[in-house]
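Participant: Going down the list, the sequences are from chains U and L.
According to the working numbering, the first sequence is numbered sequentially starting from 1.
According to the working numbering, the second sequence is numbered sequentially starting from 59.
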Amino acid sequence: MSDATPRERALIAAAGLDATFDRFPAEVLGALRATEAARGRLVRPQDPAEEPATVFRP
Amino acid sequence: MTSPVDLTLAEASAAIAARRLSPVEYLDALLARIAERDPELNAFIRLTEEEARAAARAAEAAIAAGGPRSPLHGIPVGLKDIIDLAGHPTTCHSRQCLDRVAAADARVVALLRDAGAVFPGKLATHEFAIGGPAFDGPFPPARNPWNRLHHPGGSSSGSGAAVAARMVPAALGTDTGGSVRHPASHCGIVGLKPSYGLVSRRGVFPLAFSLDHVGPMTRTVEDNAILLNAIAGPDAADRGSAGREAEDYTRLLEGGARGLRVGFVRHFHERDDPAEPRVAAALEEAVRTLEREGAILTDVTLPPLGDFAAVNRAILNSEAAAIHERWLRERPEGYANITLRRLLPGMFLSATDLVQAQRRRAVLTAAVEAAFAEVDILLTASSMDPPCRIDDPEAVERTYPRQARTVFNVTGHPAITLMCGLAEPENLPLSVQLAGRRFGEAALYGAARAYERAAPWQGRAPF
Numbered sequence: 001m002s003d004a005t006p007r008e009r010a011l012i013a014a015a016g017l018d019a020t021f022d023r024f025p026a027e028v029l030g031a032l033r034a035t036e037a038a039r040g041r042l043v044r045p046q047d048p049a050e051e052p053a054t055v056f057r058p
Numbered sequence: 059m060t061s062p063v064d065l066t067l068a069e070a071s072a073a074i075a076a077r078r079l080s081p082v083e084y085l086d087a088l089l090a091r092i093a094e095r096d097p098e099l100n101a102f103i104r105l106t107e108e109e110a111r112a113a114a115r116a117a118e119a120a121i122a123a124g125g126p127r128s129p130l131h132g133i134p135v136g137l138k139d140i141i142d143l144a145g146h147p148t149t150c151h152s153r154q155c156l157d158r159v160a161a162a163d164a165r166v167v168a169l170l171r172d173a174g175a176v177f178p179g180k181l182a183t184h185e186f187a188i189g190g191p192a193f194d195g196p197f198p199p200a201r202n203p204w205n206r207l208h209h210p211g212g213s214s215s216g217s218g219a220a221v222a223a224r225m226v227p228a229a230l231g232t233d234t235g236g237s238v239r240h241p242a243s244h245c246g247i248v249g250l251k252p253s254y255g256l257v258s259r260r261g262v263f264p265l266a267f268s269l270d271h272v273g274p275m276t277r278t279v280e281d282n283a284i285l286l287n288a289i290a291g292p293d294a295a296d297r298g299s300a301g302r303e304a305e306d307y308t309r310l311l312e313g314g315a316r317g318l319r320v321g322f323v324r325h326f327h328e329r330d331d332p333a334e335p336r337v338a339a340a341l342e343e344a345v346r347t348l349e350r351e352g353a354i355l356t357d358v359t360l361p362p363l364g365d366f367a368a369v370n371r372a373i374l375n376s377e378a379a380a381i382h383e384r385w386l387r388e389r390p391e392g393y394a395n396i397t398l399r400r401l402l403p404g405m406f407l408s409a410t411d412l413v414q415a416q417r418r419r420a421v422l423t424a425a426v427e428a429a430f431a432e433v434d435i436l437l438t439a440s441s442m443d444p445p446c447r448i449d450d451p452e453a454v455e456r457t458y459p460r461q462a463r464t465v466f467n468v469t470g471h472p473a474i475t476l477m478c479g480l481a482e483p484e485n486l487p488l489s490v491q492l493a494g495r496r497f498g499e500a501a502l503y504g505a506a507r508a509y510e511r512a513a514p515w516q517g518r519a520p521f
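Here it is in C-alpha cells:
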C-alpha cells in the first residue's frame, strides 16, 4: 500500500526509511505528513540573527 | 491497627526508626499487596523479591545495631524500567531491550542504595518513555488503580499505579514532556519534575537529552521531599548536571501559604486548550483553597500553551530520533505500533526546525523567568481532561497532548502535581500543577504542602 507522492518518496529515502516504509507504509507516511503539518505551528523568530539556546543550561 | 501498606513513607520511616516496624515485615506486607492487586493492575513487569528480602534483612540488622542511616533505610522504592538496577534487565518495556542487563546501578539507584532503600522490582512504562498505552508490547500496560478501565497516565505509568495502589510508598519516574506528572495526576498522587540538572540521569535510558528529568512519585508532599533529598546533587558524568549541591528540601514544608504570591495561568486551560468543566471547576476550588490559606492570587499571562508544546515536540522528537535512528531504520518491528508512530516524526524534522525550536525555547524560558519576578509560584492545570478509557485509542490520542506540563520541560523550572478533585461518576482523580523558581524546590514543596494540608484529598485511596 502506498499513496505517497514522488516528493514524499524522496523525503522518505532521504531519511533513510525506505526499508521501514516497505514494512510500515502507513506509519511512515503518517509521520511525514504529521511533521509537515506541525512545522507551521513552530513560531519563528523575527530577528534572523537571534542566538538559539543550542545547549540548554539553566 | 493501620496496615503497613497504608503508612506514608515518613510514617514507615518513623516506625522503622522506633523499631515498631521491621523492614522485613514492611516489605512482606507490600509484596503481599502486590500479589493481591498487581494481576489486575500490571504495575510491575519484574519483581526482585529475593534481592529485596536480603536487603530488607540487612537493613533490619544494621538498624538494630546502630539505628537507621537515613529516612530511607529499609524503605522499598519502585523503579521505572528505564532506570538501571545492576544485574537486572532494563527493558524499557520494549522488545528491543529484553536482554539489556544493567552492569551498574543508575546514579539515582546508587544514591538510594547508599541511603538504605530496598528495590522490590521494575515498573511498567510506556515503551522508551514515549509509546503507550500499548497492547502489542512485551508486557501489558499498567492500569489506573482508581478505575482499571482507565488510563493511569504515562509514561511512568507503573510508578503511578504502584504508589497509588500502596504496592510501594514511593517510586522513581522520568519526565520529558510530563511523564512523572501525568501518571501522578491520573493516579491521585504527588509527582515532581525537579529543576533541569538537579538530579542525575546517568544510567537512565534517554528519551530527549535536553528535556529529560528523573523525579520522585509519592503519596504525600513530605514523602516526595524526603525522596528528593536522597537523589539530588551533582554528577560530573551527566552532561546535563547543573553541578548543584543537594539541600534539605523538607525545610520549608510547614511554612504555610500566608503571603505566598501565586500566579494563576488561567489562559492555559480557559483559552489555549479549554479544559473539561470538571477539571476547570477543580482548579478554581484549588485557587480558593490557597486564598483561604492566605495566599495572594493574581492572574499571570504567559506565551500561548501551543508555543511551548510545539517547541517541546520539535526538540523531543529530534533528540529521540537521534537516539532511535538505527532501530527505526533496521528493526522497526521491535517497537509497539504506537511507539513507532510517536518516534518516526523526528526522522523528518530538519536541522532548521530544531534550531528554530531552540531559539523559541530561549524566549519562552525568559518569559517564565520574568513571571517569577512578580510571583513566587505559578499555578496551572496539569491535564485538561480526566483519565480516559485505556482501551479507547482515539480518546488516548485526543487527550494525550491536552496538558500544561511540557511548559516546564521546555523552561527547566521545577513543577509538582497533586490531587485537587475527583471526577464522578467514574471515580477518577483530578490534579493541579504548581511550578517554582529554578532550584526553588524547597519553597515549591512548601506551597504544595500548604495546599495539601488545607484540601480534603490527602489520604484518599483508590480502594
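Positions of the beta carbon are idealized from the N, C-alpha and C atoms, including for glycine.
For clarity, every value in this text was computed on a predicted model and none was experimentally measured.
Kindly indicate if chain L contains any beta-carbon less than 8 Å away from that of residue 10/U.
Facilitator: Chain L contact via Cβ: absent.
Participant: Please confirm if residue 433/L has its CB atom under 8 Å from at least one CB of chain U.
Facilitator: Not an interface residue.
Participant: Any chance you could list the beta strand (DSSP E) runs of at least 3 consecutive residues sitting entirely within the region 460-507 of chain L, in chain order?
Facilitator: Those beta strand (DSSP E) runs which fall completely within the region 460-507 of chain L and span 3+ residues are 473-481 and 486-493.
Participant: Per the DSSP calculation, residue 185/L is bridged to which residue(s)?
Facilitator: Answer is 189/L, bridged to residue 185/L.
Participant: Cβ closer than 9 Å: which chain A residues qualify as neighbours of residue 442/L?
Facilitator: Here the protein chains are U and L, and chain A is not one of them.
Participant: Tell me which residues of the region 23-57 of chain U have at least one Cβ-Cβ distance to chain L shorter than 7 Å, keeping chain order.
Facilitator: Those residues of the region 23-57 of chain U that come within reach of chain L (Cβ to Cβ, closer than 7 Å) are 23, 24, 27, 28, 30, 31, 32, 34, 35, 38, 39, 41, 42, 43, 44, 45, 50, 52, 53, 54 and 56.
Participant: Round the Cβ separation of residue 286/L and residue 230/L to the nearest angstrom and send it over; I've been treating them as touching at under 8 Å.
Facilitator: Incorrect: roughly 11 Å between the Cβ atoms, too far for contact.
Participant: Comparing C-alpha positions only, which one of 272/L, 258/L and 278/L sits nearest to residue 300/L?
Facilitator: Of the candidates 272/L, 258/L and 278/L, the one whose C-alpha sits nearest the C-alpha of residue 300/L is 258/L.
Participant: So residue 283/L packs on residue 505/L, CB below 8 Å; how close in whole Å?
Facilitator: The pair is not a contact, with the Cβ atoms about 12 Å apart (cut-off 8 Å).
Participant: What alpha helix (DSSP H) runs, 4 residues minimum, are completely inside the region 89-134 of chain L?
Facilitator: Runs found: 107-124.
Participant: Mind checking if residue 1/U is an interface residue toward chain L, Cβ cutoff 8 Å exclusive?
Facilitator: Per-residue confidence for residue 1/U stands at a pLDDT of 47, beneath the threshold of 50, marking its modelled position as unreliable; no derived number is given.
Participant: Please identify the residue among 7/U, 51/U, 38/U and 25/U whose C-alpha is closest to the C-alpha of residue 404/L.
Facilitator: The candidate whose alpha carbon is nearest that of residue 404/L is 38/U.
Participant: Taking the C-alpha atoms as reference points, what is the distance between residue 495/L and residue 68/L?
Facilitator: Rounded to the nearest angstrom, the two C-alpha atoms are 26 Å apart.
Participant: Check residue 274/L in the structure and name its three-state DSSP category.
Facilitator: It is a strand residue.
Participant: Helix, strand or coil, according to DSSP, for residue 73/L in the structure here?
Facilitator: Correct three-state label for residue 73/L: helix.
Participant: Using the C-alpha atoms, what's the distance from residue 116/L back to residue 458/L?
Facilitator: One C-alpha to the other measures close to 43 Å.
Participant: Looking only at its own chain, which residues have a Cβ that is under 8 Å from the Cβ of residue 58/U, when we skip the five neighbours before and after it?
Facilitator: Unreliable positioning characterises residue 58/U in this predicted model, as indicated by a pLDDT of 48, which lies under 50. The coordinate reading is nonetheless provided below. So no residue of the chain qualifies.
Participant: With the cut-off set at 8 Å, would you say residue 163/L and residue 143/L are in Cβ contact?
Facilitator: Yes, Cβ-Cβ distance for residue 163/L and residue 143/L is below 8 Å.
Participant: What residues in its chain sit with their C-beta under 7 Å from that of residue 32/U, if we drop five residues either side in the sequence?
Facilitator: So the list reads 8, 11 and 12, once near-sequence residues are dropped.
Participant: My guess is that residue 178/L and residue 226/L are in contact by the Cβ rule of under 8 Å, so how many angstroms apart are they, rounded?
Facilitator: Indeed, because the Cβ distance is near 6 Å, the residues count as touching under 8 Å.
Participant: Roughly how many whole angstroms lie between the Cα atoms of residue 64/L and residue 224/L?
Facilitator: One C-alpha to the other measures close to 6 Å.
Participant: What's the gap between the Cα of residue 512/L and the Cα of residue 478/L?
Facilitator: Approximately 11 Å between the Cα atoms of the pair.
Participant: Going by DSSP in three states, residue 335/L sits in which element: helix, strand or coil?
Facilitator: It is helical.
Participant: Would residue 358/L and residue 436/L be called neighbours here (beta carbons separated by less than 8 Å)?
Facilitator: For residue 358/L and residue 436/L, yes; Cβs fall inside 8 Å.
Participant: Roughly how many angstroms lie between the CA atoms of residue 161/L and residue 289/L, to the nearest whole one?
Facilitator: Whole-angstrom Cα-Cα distance: 20 Å.
Participant: Answer with yes or no whether the minimum CB distance from residue 5/U to chain L is below 8 Å.
Facilitator: So no, residue 5/U is outside the interface.
Participant: Can you list, in chain order, the residues of the region 363-377 of chain L whose Cβ is nearer than 9 Å to any Cβ on chain U?
Facilitator: Against chain U - using a Cβ distance shorter than 9 Å - the residues of the region 363-377 of chain L are 364, 365, 367, 368, 369, 371, 372, 373 and 375.
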